[in-house]
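*Asks:*
Residue numbers (my numbering): 33 to 424.
1. If contacts are defined as beta-carbon pairs under 8 Å, then residue 160 and residue 238 qualify, I think. What distance do you get, rounded to the angstrom?
2. In chain order, what are the residue ranges of uninterrupted beta strand (DSSP E) at least 3 long that sit wholly in the stretch 177-218?
3. Rounded to whole angstroms, what is the Cα-Cα separation between residue 27 and residue 388?
4. Taking just the CA atoms, how far does residue 154 sit from residue 51?
5. In the DSSP assignment, the beta strand (DSSP E) including residue 48 goes from what residue to what residue?
6. Identify whether residue 97 lies in helix, strand or coil by the three-state DSSP scheme.
7. Drop a sphere of 10 angstroms on the beta-carbon of residue 410, count the other beta-carbons inside from all chains shown, and report buried for 16 or more, exposed for fewer.
8. From which residue to which residue does the beta strand (DSSP E) around residue 14 run?
9. With contact counted as at least three CB pairs below 8 Å, one residue from each stretch, are the stretch 306-317 and the stretch 388-406 in contact?
10. Let me make sure I understand the geometry here. Which of 394, 379, 424 and 415 has the alpha-carbon closest to that of residue 49?
11. Roughly how many whole angstroms lie between the Cα atoms of residue 413 and residue 406?
12. Just to confirm the assignment, what range does the alpha helix (DSSP H) spanning residue 344 have?
13. Sorted by chain position, which residues of the same chain lie with C-beta nearer than 7 Å to residue 278's C-beta, five sequence neighbours on each side aside?
14. What ranges does the beta strand (DSSP E) occupy inside the stretch 108-177, keeping only unbroken runs of at least 3 residues that lie completely in it?
15. Mind checking which residues open and close the beta strand (DSSP E) that includes residue 360?
16. By a C-beta neighbour count over all protein chains shown, 10 Å radius and 16 as the cutoff for buried, is residue 245 buried or exposed?
17. Less than 9 Å between the C-beta atoms of residue 381 and residue 367, yes or no?
18. Out of 141, 112, 64 and 126, point me to the one whose CA is closest to residue 6's CA.
19. So, using beta-carbon positions, are residue 116 and residue 255 closer together than 9 Å?
20. Straight-line CA distance for residue 33 to residue 198?
21. For the beta strand (DSSP E) that residue 244 lies in, which residues bound it at each end?
22. CB-CB under 6 Å to residue 163, same chain, minus the five flanking residues each way: which ones, in chain order?
23. Since residue 89 contacts residue 308 with CB under 8 Å, what's their CB separation in whole angstroms?
24. I want to know whether the stretch 288-302 touches the stretch 334-349 - three or more CB-CB distances under 8 Å.
25. Threshold first: 4 residues or longer. Then list the alpha helix (DSSP H) segments lying entirely within the stretch 299-333, N to C.
26. Measure from the alpha carbon of residue 359 to the alpha carbon of each residue in 383, 376, 167 and 250, then state which is nearest.
27. Could you please give the first and the last residue of the uninterrupted beta strand (DSSP E) stretch that includes residue 286?
28. Going by beta-carbon coordinates alone, are residue 260 and residue 286 separated by less than 9 Å?
29. In whole angstroms, what separates the C-alpha of residue 172 from that of residue 190?
30. How would you write the range of the beta strand (DSSP E) that residue 267 sits in, first residue to last?
31. In terms of residues, what are the limits of the alpha helix (DSSP H) holding residue 413?
32. Just the C-alpha distance for residue 242 and residue 208, rounded to the nearest angstrom, thanks.
33. Using the three-state DSSP reduction, which class does residue 385 fall into: helix, strand or coil?
34. Quick check on the DSSP output: the alpha helix (DSSP H) that includes residue 82 runs from which residue to which?
35. Quick one: grab the DSSP three-state call for residue 377.
36. Am I right that residue 398 and residue 364 are in contact with their C-beta atoms under 8 Å? What's the rounded C-beta distance?
Pasting the structure below:
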């Protein structure tokens, strides 16, 4: 089956490109995987007990809107984490992973035109590929805004031309950022919301890395909503990184009443609700913070290892949050290939996570390194990166 023509200009997905770059060359040592952001720490052992306890629910279709226990767990967590109060019957809905929600938000919420013109969806560059696909699927023009060292690795949406902002209907923003680990401060969120109110677009806040950080919990966009139209902001959260449960596929979306009606309507026709035993398990996981603290401590150890091993590398920036390093190199593809052939360490060229605009790809001179493996393996990979790519 052939994709519709509007998808023909999509950039190739990162990991098939990586396999094409590396896999016809032999590994130069024992393989160390540092490419995919798939957590490898243990998830809470009691999760399987909860699933087994509610296994009879596999015999039933799960409700699209989620079981009350799960929606309540979302809202309780939002109150504990951000100090906001949300109605579980109005403001939240479970997702089969945040990718479903990030895509469906574009489909459900982006109008067909704005002021008689083709709508625009803003997003950072580098970016999570689903943002672009959602925009194109909705018939909008994706506009990529550079997130570079010069802008603190966060996109400066206010620098976009007013003619484009006047056509904007939505803006995807990831904080903590993938791949750079930069965090949007309250002032950044406030400025972005003000820009959205001025030009009348929605902010889609992808916050799935919010619980992996060094010292200070990243500010969430919902903490910056005083006096703001509740329909202006849509936020997305996930258990994948917070709780090492990417296979559980538990995320959620939170937004204003009108927004949630539109998203639920699409979910009724095109959604993939989480099976009820998994919803019960997710509710228990969202309610527990002890395992999250333990998980964060493991990442602290790897942050410290990265600072120790790579701290003298010119241009090294210690990530504020998330579990990626965004390391400067002369050429991301050349560095990834050299590292693989010399050591067996697999990293991702930064260009595969970004797109060339006006002759410049902001990821060309970076590699992304995932700190998801156990500490000893991570340290071995980081040492190989230092000795292979940055030796004097």
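Yeah, the Cβ is synthetic: ideal placement off N, Cα and C, and Gly gets one too.
*Replies:* Based on what the coordinates show:
1. 7 Å
2. 200-206
3. The structure shown has nothing for residue 27, since the chain only spans 33 to 424.
4. 29 Å
5. Here residue 48 belongs to no beta strand (DSSP E); instead the alpha helix (DSSP H) covers 46-54.
6. coil
7. buried
8. Outside the modelled stretch of the chain, which goes from 33 to 424, sits residue 14, for which no answer is possible.
9. no
10. 379
11. 11 Å
12. Neither: residue 344 is in no alpha helix (DSSP H) and is coded neither H nor E.
13. 70, 71 and 272
14. 124-128 and 152-157
15. 356-360
16. buried
17. yes
18. The requested residue 6 is not part of the displayed model; the chain covers only 33 to 424.
19. yes
20. Bear in mind that a pLDDT of 39 at residue 33, under 50, signals an unreliable position, so the number given afterwards is only what the model happens to contain. Spanning the two alpha carbons is a distance of roughly 36 Å.
21. No beta strand (DSSP E) contains residue 244, which DSSP labels as neither H nor E.
22. 155 and 204
23. 3 Å
24. no
25. 308-318
26. 383
27. 282-286
28. no
29. 20 Å
30. 265-270
31. 407-421
32. 6 Å
33. helix
34. 79-85
35. strand
36. 6 Å
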